[in-house]
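Enquirer:
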């Protein structure tokens, strides 16, 4: 299937709408409609596998949350309910996050936003912020595996009885390795001349096309619907 | 060369540290958020844990604007996830924290610590919705987490009201104070030795 390349600005609008929409919609039906929309976008922009997995998880969470809230609601189902509701709220947001940041290169992203004259003090931290989220998650995964390997894995008892020690076990390796990655990022950006004061030129042709306006309209439509 | 101005390098650090800060914060809040009273206490836990990240960031980027950028990113992300008051609170808090750090000439640990006590108040605005529009907040919680959870939160707020808000502020400052002490210990024990700072 041919990949469609959406404009980063249109993608970003979808992401913002996803954040606002998912946090404010409590009925299942509009949430499902929006989830389907983002899933279609993910499939179109070349992420069919991970997109479908997330979509199915999202649907399962929505259905279970709906069943629990209609049939039983007691103290005991509360944590379970919270889990499913988290899934229902956050999975579409994660999907749209993947849509924006894993199908767009950082340089493409920056070029698009430079075109609407956003200052670099805004673009760079923002772009790096989103570029860095997956990195932190990866490091986190590695650290928790290493901790489990040494027999100090994250358990409820360790959090409850030795909170400070647990925090130390997590924070120190996390910060150390992340600072390493940051230094590499800085070096790479200096090598690419991001530090220069001159206006950057761009090889990519960045412009809004029909499909971009189309998905922006749909996204805004969802916002109205809410 | 003007070394006082934020350069690309510093902006990269700002974005990256904001990512770490917000991910850790999200993990803490979603873990403690399962219990209503612990959810209201989350500024305490966030203060304790995130202080280390903040202190590392400010010692790495000692320039005017760094703390403000962190606060703005924080506010934007929190606002975009449904807590609309966050950005309104985050900007003035960021400016005050920035000025405190500037008063110490970006060189004094004491002033950095003091600025974190202020900075951790960014955890309060996301809760303002709870006090200003209690009914709708409780309604949403009931829809999200079920009757029990929503009632528990609603009862807490209606019984204690503004006392609860005051307590959250106090707790945020206490959490930040504990966190800053912890950060000092950790950086002396690990980061300074390893030459990271």
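Protein chains in written order, with this note's numbering: chain A, 194 to 419; chain B, 39 to 235. Note that beta-carbon positions come from the ideal geometry of N, C-alpha and C, so glycine has one too.
1. From the DSSP output, in three-state form, read off residue 263 (chain A) for me.
2. Is the stretch 45-54 of chain B close to the stretch 313-322 of chain A, with three or more CB pairs under 8 angstroms?
3. With residue 122 (chain B) as the anchor, note down where its alpha helix (DSSP H) starts and where it stops.
4. Against residue 279 (chain A), what residues of chain B qualify as contacts under a CB-to-CB distance less than 7 angstroms, listed in chain order?
5. Alpha carbons only, please: which of B:187, B:169 and B:189 is nearest the one belonging to residue 201 (chain B)?
6. Chain B beta carbons: is any one of them nearer than 7 angstroms to that of residue 390 (chain A)?
7. What number of angstroms, rounded off, separates the C-alpha of residue 222 (chain B) from the C-alpha of residue 368 (chain A)?
8. In angstroms, rounded to a whole number, what distance separates the CA positions of residue 140 (chain B) and residue 159 (chain B)?
9. I need the DSSP call for residue 396 (chain A), collapsed to helix, strand or coil.
10. Could you give the C-beta distance for residue 118 (chain B) and residue 209 (chain A), rounded to a whole number, given that I count them as a contact under 8 angstroms?
11. Work out the CA separation of residue 196 (chain A) and residue 166 (chain A) for me, nearest whole Å.
12. Can you say whether residue 153 (chain B) is buried or exposed, counting buried as having 16 or more other CB atoms within 10 angstroms of its CB?
13. Going by beta carbon distance, what residues of the same chain come within less than 6 angstroms of residue 234 (chain A), once the five residues before and after it are set aside?
14. Determine whether the Cβ of residue 214 (chain B) lies closer than 7 angstroms to any Cβ atom of chain A.
15. Flag residue 90 (chain B) as yes if its beta-carbon sits less than 7 angstroms from any beta-carbon of chain A, otherwise no.
16. Which bits of chain B does residue 357 (chain A) rub up against, with CB to CB less than 7 angstroms?
17. Helix, strand or coil for residue 205 (chain A)? Go by DSSP, reduced to three states.
18. Quick one: which residues of the stretch 214-226 of chain A get their C-beta closer than 7 angstroms to a C-beta of chain B? List them in chain order.
19. Assuming residue 88 (chain B) contacts residue 115 (chain B) under a Cβ cut-off of 8 angstroms, what Cβ separation, rounded to an integer in Å, is found between them?
20. Just the chain B side, please: which residues come within less than 9 angstroms of residue 301 (chain A) by C-beta, in chain order?
21. Just to confirm, is the Cβ distance from residue 167 (chain B) to residue 175 (chain B) under 7 angstroms?
22. Can you tell me whether DSSP reads residue 295 (chain A) as helix, strand or coil?
23. Would you tell me roughly how many angstroms separate the C-alpha atoms of residue 414 (chain A) and residue 164 (chain B), rounded to the nearest one?
24. Secondary structure at residue 73 (chain B), three-state DSSP: helix, strand or coil?
25. Output yes if chain A places a C-beta closer than 7 angstroms to the C-beta of residue 100 (chain B); else output no.
26. So, are the CB atoms of residue 100 (chain B) and residue 48 (chain B) less than 7 angstroms apart?
27. Looking at the structure shown, is residue 198 (chain A) part of a helix, part of a strand, or coil, going by DSSP?
28. I'd like to know if residue 94 (chain B) contacts chain A, where contact means its C-beta is closer than 7 angstroms to some C-beta of that chain.
29. Since residue 213 (chain B) and residue 112 (chain B) are thought to touch, with beta carbons under 8 angstroms apart, how far apart are those beta carbons, to the nearest angstrom?
30. Out of curiosity, what's the CA-to-CA distance linking residue 282 (chain A) and residue 216 (chain A)?
31. Return yes when the Cβ of residue 179 (chain B) is within less than 7 angstroms of the Cβ of residue 188 (chain B), no when it is not.
32. Using a Cβ cut-off of 7 angstroms, which residues of the stretch 155-180 of chain B contact any Cβ in chain A, in chain order?
33. Find the residues of chain A that neighbour residue 46 (chain B), judging by a C-beta separation of less than 7 angstroms, and give them in chain order.
34. Going residue by residue through the stretch 152-214 of chain B, where are the continuous beta strand (DSSP E) segments of at least 3 residues, counting only ones entirely within it?
35. Distance, Cα to Cα, residue 393 (chain A) vs residue 248 (chain A)?
Expert: Let me spell this out:
1. Position 70 of the first chain, counted from the first residue, corresponds to residue 263 (chain A). Helix, per DSSP.
2. With a cut-off of 8 angstroms, the stretch 313-322 of chain A and the stretch 45-54 of chain B count as touching, because enough Cβ pairs lie within range.
3. Walking along the second chain from the start, residue 122 (chain B) turns up at place 84. Careful: residue 122 (chain B) lies outside any alpha helix (DSSP H) and carries neither H nor E.
4. On the first chain, residue 279 (chain A) is found 86 positions in, with the first residue counted as 1. Here the neighbours are 68.
5. The residue given as residue 201 (chain B) occupies position 163 in the second chain. When only C-alpha atoms are compared, the closest one is B:169.
6. Within the first chain, numbered from 1, the residue matching residue 390 (chain A) stands at position 197. So no, residue 390 (chain A) is outside the interface.
7. Indexing the second chain from 1 puts residue 222 (chain B) at position 184. Indexing the first chain from 1 puts residue 368 (chain A) at position 175. Take the alpha-carbon of residue 222 (chain B) and the one of residue 368 (chain A): they are about 14 angstroms apart.
8. What you label residue 140 (chain B) is simply residue 102 of the second chain in a count that begins at 1. What you label residue 159 (chain B) is simply residue 121 of the second chain in a count that begins at 1. The straight-line gap separating the alpha-carbon atoms of residue 140 (chain B) and residue 159 (chain B) is approximately 18 angstroms.
9. To locate residue 396 (chain A), count along the first chain from 1; it is residue 203. In this structure, residue 396 (chain A) counts as coil in the three-state DSSP scheme.
10. Against the second chain, residue 118 (chain B) aligns to sequence position 80. Against the first chain, residue 209 (chain A) aligns to sequence position 16. Taking the Cβ atoms as the reference, residue 118 (chain B) lies roughly 6 angstroms from residue 209 (chain A), within the contact range of under 8 angstroms.
11. No statement about residue 166 (chain A) is possible, as the shown extent of chain A runs from 194 to 419 and does not include it.
12. Numbered from its first residue, the second chain carries residue 153 (chain B) at position 115. Under this definition residue 153 (chain B) is a buried residue.
13. Indexing the first chain from 1 puts residue 234 (chain A) at position 41. The residues 292, in chain order, have a CB closer than 6 angstroms to that of residue 234 (chain A) in the same chain once the five nearest residues on each side in sequence are set aside.
14. For the purposes of this step, residue 214 (chain B) is taken as residue 176 along the second chain, with counting starting at 1. At a cut-off of 7 angstroms between C-beta atoms, residue 214 (chain B) does not count as an interface residue with respect to chain A.
15. The residue you call residue 90 (chain B) lines up with position 52 of the second chain. Cβ-Cβ to chain A under 7 angstroms: yes for residue 90 (chain B).
16. Stepping through the first chain from its first residue, residue 357 (chain A) is reached at position 164. Contact of residue 357 (chain A) with chain B by beta-carbon distance below 7 angstroms involves 220.
17. Taking the first residue of the first chain as position 1, residue 205 (chain A) is located at position 12. Helix.
18. Listed by position, the residues of the stretch 214-226 of chain A near chain B (Cβ gap below 7 angstroms) are 216, 217 and 219.
19. Walking along the second chain from the start, residue 88 (chain B) turns up at place 50. Walking along the second chain from the start, residue 115 (chain B) turns up at place 77. That belief does not hold up - the Cβ atoms of residue 88 (chain B) and residue 115 (chain B) are roughly 14 angstroms apart, past 8 angstroms.
20. In the first chain, counting from the first residue as 1, residue 301 (chain A) sits at position 108. Correct list: empty, because the minimum Cβ distance to chain B is about 17 angstroms.
21. Start at 1 with the first residue of the second chain, and residue 167 (chain B) comes out as number 129. Start at 1 with the first residue of the second chain, and residue 175 (chain B) comes out as number 137. Yes, Cβ-Cβ distance for residue 167 (chain B) and residue 175 (chain B) is below 7 angstroms.
22. On the first chain, position 102 is the one that residue 295 (chain A) refers to. If DSSP states are grouped into helix, strand and coil, residue 295 (chain A) belongs with coil.
23. Residue mapping note: residue 414 (chain A) aligns to position 221 of the first chain, counting from 1. Residue mapping note: residue 164 (chain B) aligns to position 126 of the second chain, counting from 1. Taking the straight line from one Cα to the other gives about 27 angstroms.
24. Position 35 of the second chain, counting from 1, holds the residue named residue 73 (chain B). Correct three-state label for residue 73 (chain B): coil.
25. Working through the second chain from its first residue, we reach residue 100 (chain B) at position 62. The beta carbon of residue 100 (chain B) does not come within 7 angstroms of any beta carbon belonging to chain A, so the residue lies off that interface.
26. By one-based count along the second chain, residue 100 (chain B) stands at place 62. By one-based count along the second chain, residue 48 (chain B) stands at place 10. No, the Cβ-Cβ distance between residue 100 (chain B) and residue 48 (chain B) is not below 7 angstroms.
27. Residue 198 (chain A) sits at position 5 when you count from the first residue of the first chain. Reduced to three states, the DSSP call for residue 198 (chain A) is coil.
28. Taking the first residue of the second chain as 1, we reach residue 94 (chain B) at position 56. Chain A, which has a Cβ nearer than 7 angstroms to the Cβ of residue 94 (chain B), makes this yes.
29. In the second chain, counting from the first residue as 1, residue 213 (chain B) sits at position 175. In the second chain, counting from the first residue as 1, residue 112 (chain B) sits at position 74. With a Cβ gap of about 16 angstroms, residue 213 (chain B) and residue 112 (chain B) do not count as contacting.
30. By one-based count along the first chain, residue 282 (chain A) stands at place 89. By one-based count along the first chain, residue 216 (chain A) stands at place 23. Between the alpha carbons of residue 282 (chain A) and residue 216 (chain A) lies a gap of roughly 6 angstroms.
31. The residue you call residue 188 (chain B) lines up with position 150 of the second chain. The residue you call residue 179 (chain B) lines up with position 141 of the second chain. Yes, Cβ-Cβ distance for residue 188 (chain B) and residue 179 (chain B) is below 7 angstroms.
32. Under the 7 angstroms Cβ criterion, the stretch 155-180 of chain B contributes 178.
33. For this step, residue 46 (chain B) is matched to residue 8 along the second chain. Within chain A, the C-beta atoms nearer than 7 angstroms to that of residue 46 (chain B) come from 317, 382, 387 and 388, in chain order.
34. Counting whole runs of 3 or more residues, the stretch 152-214 of chain B contains no beta strand (DSSP E) stretch at all.
35. Here residue 393 (chain A) refers to the residue found at position 200 of the first chain. Here residue 248 (chain A) refers to the residue found at position 55 of the first chain. Whole-angstrom Cα-Cα distance: 38 angstroms.
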